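Data block below; observations after.
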Amino acid sequence: MNKHQYDVIVIGAGGAGLSAVAAIPKGLKVAVLSKLFPFRSHTGAAQGGISAALGNLEEDNPLWHAYDTVKGSDYLGDQDAIIQMCNDAPDAIFDLERKGLPFSRLGNGKISQRPFGGHTKNWGESPVRRACHSADRTGHMILHTLYQQALRRETNFFDEFQVVEIITKDNSCCGVVAVKLSTGERHVFHSKSVILATGGYGRCFKVTSNALSLTGDGMAICYQKGIPLQDMEFVQFHPTGLHPLGILITEGARGEGGILVNSRGERFMERYAPSIKDLAPRDIVSRSIYEEIKAGRGIDAKDFVHLDLTHLGRKLLDEKLPDVTGFARTYLNIEPADEPIPVKPTTHYAMGGIPTDVDGRVIIDPDGSIMHGLYASGECACVSVHGANRLGTNSLLDLVVFGKRAGQHASIYSESSKLSELPSDAGYDSESFLQQVRSNTRGPKVYEIREKMQEIMMDYCSVFRNEEGMKKCASLLSELREDFQKVTISDKSNFYNYEMMAAFELSCMLDVSEATLHGAMLRKESRGAHSREDYPDRNDQDWLKHTLCYQEKGNDPTFKFKNVNLGKFEVKARVY
Amino acid sequence: MSILVNLRSRQGFIEMLRVFRIQRFNPEREPNQWVDEYTLEVNEDDKILDILLKIRDEVDTTLGFRASCAHGVCGSDGMMIDGLNRLACQTFVGDVPGRKPINIAPLKGVPVEKDLIVDMDPLLDKVKSVNPWVVAKEHKAGERELLMSQEDFEKIEDMTKCIWCSCCTTSCPSLWSDSDYLGPQALVMAARFILDTRNEDAEKIIEKVGGLDGVFRCHTIGNCTDACPRDIDVTGAIAAVKKVLLQGIDNEDKFSNIVWEKGDEKE
Ligand SMILES: Cc1cc2nc3c(=O)[nH]c(=O)nc-3n(C[C@H](O)[C@H](O)[C@H](O)COP(=O)(O)OP(=O)(O)OC[C@H]3O[C@@H](n4cnc5c(N)ncnc54)[C@H](O)[C@@H]3O)c2cc1C
Ligand code: SF4
Ligand code: SF4
Ligand code: FES
Numbered sequence: 000m001n002k003h004q005y006d007v008i009v010i011g012a013g014g015a016g017l018s019a020v021a022a023i024p025k026g027l028k029v030a031v032l033s034k035l036f037p038f039r040s041h042t043g044a045a046q047g048g049i050s051a052a053l054g055n056l057e058e059d060n061p062l063w064h065a066y067d068t069v070k071g072s073d074y075l076g077d078q079d080a081i082i083q084m085c086n087d088a089p090d091a092i093f094d095l096e097r098k099g100l101p102f103s104r105l106g107n108g109k110i111s112q113r114p115f116g117g118h119t120k121n122w123g124e125s126p127v128r129r130a131c132h133s134a135d136r137t138g139h140m141i142l143h144t145l146y147q148q149a150l151r152r153e154t155n156f157f158d159e160f161q162v163v164e165i166i167t168k169d170n171s172c173c174g175v176v177a178v179k180l181s182t183g184e185r186h187v188f189h190s191k192s193v194i195l196a197t198g199g200y201g202r203c204f205k206v207t208s209n210a211l212s213l214t215g216d217g218m219a220i221c222y223q224k225g226i227p228l229q230d231m232e233f234v235q236f237h238p239t240g241l242h243p244l245g246i247l248i249t250e251g252a253r254g255e256g257g258i259l260v261n262s263r264g265e266r267f268m269e270r271y272a273p274s275i276k277d278l279a280p281r282d283i284v285s286r287s288i289y290e291e292i293k294a295g296r297g298i299d300a301k302d303f304v305h306l307d308l309t310h311l312g313r314k315l316l317d318e319k320l321p322d323v324t325g326f327a328r329t330y331l332n333i334e335p336a337d338e339p340i341p342v343k344p345t346t347h348y349a350m351g352g353i354p355t356d357v358d359g360r361v362i363i364d365p366d367g368s369i370m371h372g373l374y375a376s377g378e379c380a381c382v383s384v385h386g387a388n389r390l391g392t393n394s395l396l397d398l399v400v401f402g403k404r405a406g407q408h409a410s411i412y413s414e415s416s417k418l419s420e421l422p423s424d425a426g427y428d429s430e431s432f433l434q435q436v437r438s439n440t441r442g443p444k445v446y447e448i449r450e451k452m453q454e455i456m457m458d459y460c461s462v463f464r465n466e467e468g469m470k471k472c473a474s475l476l477s478e479l480r481e482d483f484q485k486v487t488i489s490d491k492s493n494f495y496n497y498e499m500m501a502a503f504e505l506s507c508m509l510d511v512s513e514a515t516l517h518g519a520m521l522r523k524e525s526r527g528a529h530s531r532e533d534y535p536d537r538n539d540q541d542w543l544k545h546t547l548c549y550q551e552k553g554n555d556p557t558f559k560f561k562n563v564n565l566g567k568f569e570v571k572a573r574v575y
Numbered sequence: 000m001s002i003l004v005n006l007r008s009r010q011g012f013i014e015m016l017r018v019f020r021i022q023r024f025n026p027e028r029e030p031n032q033w034v035d036e037y038t039l040e041v042n043e044d045d046k047i048l049d050i051l052l053k054i055r056d057e058v059d060t061t062l063g064f065r066a067s068c069a070h071g072v073c074g075s076d077g078m079m080i081d082g083l084n085r086l087a088c089q090t091f092v093g094d095v096p097g098r099k100p101i102n103i104a105p106l107k108g109v110p111v112e113k114d115l116i117v118d119m120d121p122l123l124d125k126v127k128s129v130n131p132w133v134v135a136k137e138h139k140a141g142e143r144e145l146l147m148s149q150e151d152f153e154k155i156e157d158m159t160k161c162i163w164c165s166c167c168t169t170s171c172p173s174l175w176s177d178s179d180y181l182g183p184q185a186l187v188m189a190a191r192f193i194l195d196t197r198n199e200d201a202e203k204i205i206e207k208v209g210g211l212d213g214v215f216r217c218h219t220i221g222n223c224t225d226a227c228p229r230d231i232d233v234t235g236a237i238a239a240v241k242k243v244l245l246q247g248i249d250n251e252d253k254f255s256n257i258v259w260e261k262g263d264e265k266e
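Structure below.
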């Protein structure tokens, strides 16, 4: 096995990983490992914007932003972390701007801002323009800008290295094991600290806006080592995925004035959220779309509605929404300036993930005990600033704010600590897993199990959930886990063996699906994106708390509960 | 090798049979490239990427290609489809008209590693060599943005769309004949950072692209612009670099490097 030693290693080179890198002082020895080339990361797909109360067009302030985020989270977000994020937001934007990010501009040369779902002024009064953007390619610009600056700093990248295991010893983390895709060689990266920034797990579901690579690796490798996953039952379904592919049409399209209509041509969001209508938070809009479909008012009585942009005019579409209108043309042959776009909810974002504090340190129990040297940030982490439902534009903000904080804290930690000795069984688990897969014969293929998993998660564990369906899903899922023991691959080589890595990714997806499903069965209330038909109301008495899900090998996972940080904003009914 | 596969169609009915001829390479198995032929039942609107995924999942799991976003924004799956460089996730069966076999091959002019996977390093080294980044004063807490006019933003907007897919550079005849040529991808990045009014280091980039292997190797053949999946005016960007080299930077510097401090009047 190849061995490397570093002060800090960063796993994942999307917005979160690269923000961490930018915050690490030059004197430290740093390596960045990514299974994709950094500039292929899915941060590049983010379209609509990144929020900050800059007030470039109208009065705004960070506390309004925090209030909206708390309310959007259905009060499950931790208020201290949310206030931290919203206060840090303006500086984070200006910092990105100095790094070269080409923001769209206003007539006076300042950064342009537009409205987005759930972002309001004056404590929910009316929509506010808070989303900074570069046309509808904001994530692409963030990703490339941060990568360019990392090149400028001569960062040490290990591209197409897939991490398959974290190495832990007595509540501290001392490195990772990675497979080099081109050769199949296993490498041990021994380090003082590790920052996980591996993104989400949308590919557990059949219809998703997420990349093929978003398979929950970082979360799963923690979960396998006894680290809990927090609030996994909260998965965001974005209301406007292109029907039937699931490719995203940004909420910015509604921010610019687009509206949703049903088969009667009715602007139905006026009924569900009278004050902010089409700009209501995503959980509400997704449910409303399904209510319309259930009532037979889907287009042609089918399972989609229309997003109408025709009244905005071609000029605005070309200027403000060039990419998403391009997607409609390319993938559906529809001209958005002339015809409405068919849309339906698509699996989009993981609110849950690896529990951390505001410095990115990974937490392993309800008391906040730390796994020393291990950090997480971005979509794979749960700080928690998004609670039960994330507001649009708050993820990109989360990446840059908490990515930076994780980078800073990991640096301080690494400067003041010594490299601890590797345990004698370092890398044993992943080695035996890969061996096992390689030696299996006559079992199911990877894609067979994957497709079934994606189907049952979509059918029973998406926008609406109930006990009966989820019980069925749980027994199907454990059958799939059984089957997976025998999964068989036919490519036995070491040379760009994607089939082997697909088997590893499937094992990760089965793990995070398990945590999501069991969390959803446990939580007997409806809150934010988690909507139970059999428990339609929010229940603060019993459920205003975070879940921590622990893997029990061979059994159903177990749960502990963690308090929500409240105090600043009063917990109220959530109406828009 | 020739194989018949049934591709489940989205619409639930099958329109036609098409033959896909995929160029393969695996030095562990064979020193030379070969072609495998797959006959699939497909629809006009099936994506080429979905066909490759289908083949890799169900028929030959050793088939090598890169892909991630599946909707044309990550730049992973540039390849030569029916003789043209394009992204597999943005190309449809119907884009290759008629019933002829659809040829799929790796990008040209760079070493092939396996099947449709090429060695990206030589391409990335070219891009990195032009200093593709902005050098501006460090941001300090409390300072606001550097101002930039929407016009100045629009001057670079087209080039900032680049997803580093390398479809342009690997379609350039000048590069095929001289592998030292920087190529259009690096030049688009050079243009993007030379014309950014906030960049204090534009001169350094100008020096780098003016040399022997730089911008004057381009003969304005235009393959690159045709190949770009992001519809970037690649030759236009190269022309802009040439113009800067001949005439110097023509930035009106309207707003650049003016810093708005906290507490400035808002309008
Ligand atoms: C289509 C779309 C549009 C969006 N639009 C917006 C928006 O407008 N505003 C907003 O705020 N949010 C938006 N989001 C959400 C936001 O973009 C994501 O949550 C965010 O980009 C995630 O960033 P990340 O850095 O955590 O992960 P990613 O950018 O997904 O990066 C993950 C990284 O981890 C690496 N990796 C993963 N597994 C491994 C492994 N095993 N070993 C090594 N490396 C690994 C990958 O190579 C990659 O570099 C959008 C999301 C989508 C899908
Ligand atoms: S225009 Fe220049 S860069 Fe583009 S293909 Fe022709 S020679 Fe190459
Ligand atoms: S200019 Fe176009 S073709 Fe060339 S790398 Fe960029 S996106 Fe790809
Ligand atoms: S897979 Fe991302 S561009 Fe095609």
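Chains as they are written, first to last, in numbering that gives the first Met the number 0: chain F, 0 to 575; chain P, 0 to 266. Where a beta carbon is used, it is the ideal one built from N, C-alpha and C, also for glycine. Computed from a prediction, not measured in an experiment: that's the story for all the values here.
Residues of the stretch 90–121 of chain F with Cβ closer than 9 Å to any Cβ of chain B, in chain order:
The structure shown contains no chain B; its protein chains are F and P.
Alpha carbon to alpha carbon, what distance is there between F152(P) and K265(P)?
Reliability of the predicted coordinates at K265(P) is poor, the pLDDT of 37 falling under 50, and no value is obtained from them.
CB contact flag (A380(F), I353(F), <9 Å)
yes
Indicate the three-state DSSP secondary structure (helix, strand or coil) for Q586(F) in the structure shown.
Not covered by the structure: residue 586(F). The range shown for chain F is 0 to 575.
Going by alpha carbons, who is nearest to G377(F) out of P227(F), E153(F), V361(F)?
V361(F)
Nearest to E551(F) by alpha carbon, out of H517(F), T167(F), D322(F), I165(F)?
H517(F)
Would you say Q453(F) faces chain P, with C-beta separation under 9 Å as the test?
no
Please name the residue, chosen from D118(P), G182(P), A104(P), that lies closest to P110(P) on a Cα-to-Cα basis.
D118(P)
How big is the Cα-Cα spacing for A135(P) and R128(F)?
27 Å
Excluding the five sequence neighbours on either side, which residues of its own chain have a C-beta within less than 7 Å of the C-beta of D302(F), listed in chain order?
I292, K343
Rounded C-alpha distance that separates H132(F) from I10(F):
27 Å
If you draw a straight line from the alpha carbon of P602(F) to that of G245(F), how long is it in whole angstroms?
Here chain F covers residues 0 to 575 and nothing more, so residue 602(F) does not appear.
Quick check on the DSSP output: the alpha helix (DSSP H) that includes G14(F) runs from which residue to which?
14–21
Heavy atom of ligand 1 within 8 Å of F91(P) beta-carbon
no
G406(F): contacting residues in chain P (beta-carbon distance under 9 Å)
Those do not exist, as G406(F) stays about 16 Å from chain P at its closest Cβ, beyond 9 Å.
Is R281(F) a contact residue of ligand 4, with contact defined as CB to any heavy atom under 8 Å?
no
How is A51(F) classed by DSSP in three states: helix, strand or coil?
coil
Hey, E40(P) and L62(P) are a contact pair by Cβ (cut 8 Å); roughly how many whole angstroms apart?
Going by Cβ atoms, the distance from E40(P) to L62(P) rounds to 19 Å, so no, they are not a contact pair.
When you compare only the Cα positions, how much space is there between D49(P) and C88(P)?
7 Å
Counting along the chain, where does the alpha helix (DSSP H) carrying V436(F) start and finish?
427–438
Outcome for I248(F) when other beta-carbon atoms lying within 10 angstroms are tallied against a minimum of 16
buried
Have a look at W122(F) and D356(F) and give me their C-alpha separation to the nearest angstrom.
27 Å
Using a Cβ distance threshold of 8 Å, determine whether the stretch 152–170 of chain F contacts the stretch 81–89 of chain F, with at least three qualifying pairs required.
no
Buried or exposed for H408(F), going by 16 or more other Cβ atoms inside 10 Å?
buried
Could you please give me the residues that DSSP links to S525(F) through a beta bridge?
Bridge partners of S525(F): none, in fact.
Sorry if obvious, but does the Cβ on F156(F) come closer than 8 Å to a heavy atom of ligand 6?
Questions concerning ligand 6 fall outside what the structure shown contains, since the ligands it does hold are ligand 1, ligand 2, ligand 3 and ligand 4.
For K242(P), which of M79(P), L186(P), S75(P) has the nearest alpha-carbon?
L186(P)
What I want to know is whether the C-beta of Q46(F) ends up closer than 8 Å to one or more non-hydrogen atoms of ligand 1.
yes
Chain-ordered chain F contacts of T169(P) [CB-CB under 7 Å]
Result: empty, since nearest Cβ-Cβ is about 16 Å, beyond 7 Å.
Since Q147(F) contacts P131(P) with CB under 8 Å, what's their CB separation in whole angstroms?
6 Å
Name, please, each residue of chain P whose Cβ falls closer than 8 Å to the Cβ of D490(F).
T60, T61
Could you give the first and the last residue of the continuous beta strand (DSSP E) run that contains S212(F)?
S212(F) -> no beta strand (DSSP E), and no H or E assigned at all.
In this structure, how does DSSP classify F157(F) when only helix, strand and coil are distinguished?
strand
Under 6 Å Cβ to Cβ from I190(P), same chain only, skipping five residues before and after it: list those, please.
A small correction: the amino acid at residue 190(P) is Ala; Ile does not occupy that position in the sequence shown. Only M158, A236, A239, V240 meet the Cβ criterion.
Along the beta strand (DSSP E) that carries M79(P), what are the first and last residues, could you check?
77–80
Minimum C-alpha distance to I275(F) - residue among R263(F), R253(F), R286(F), N261(F)
R253(F)
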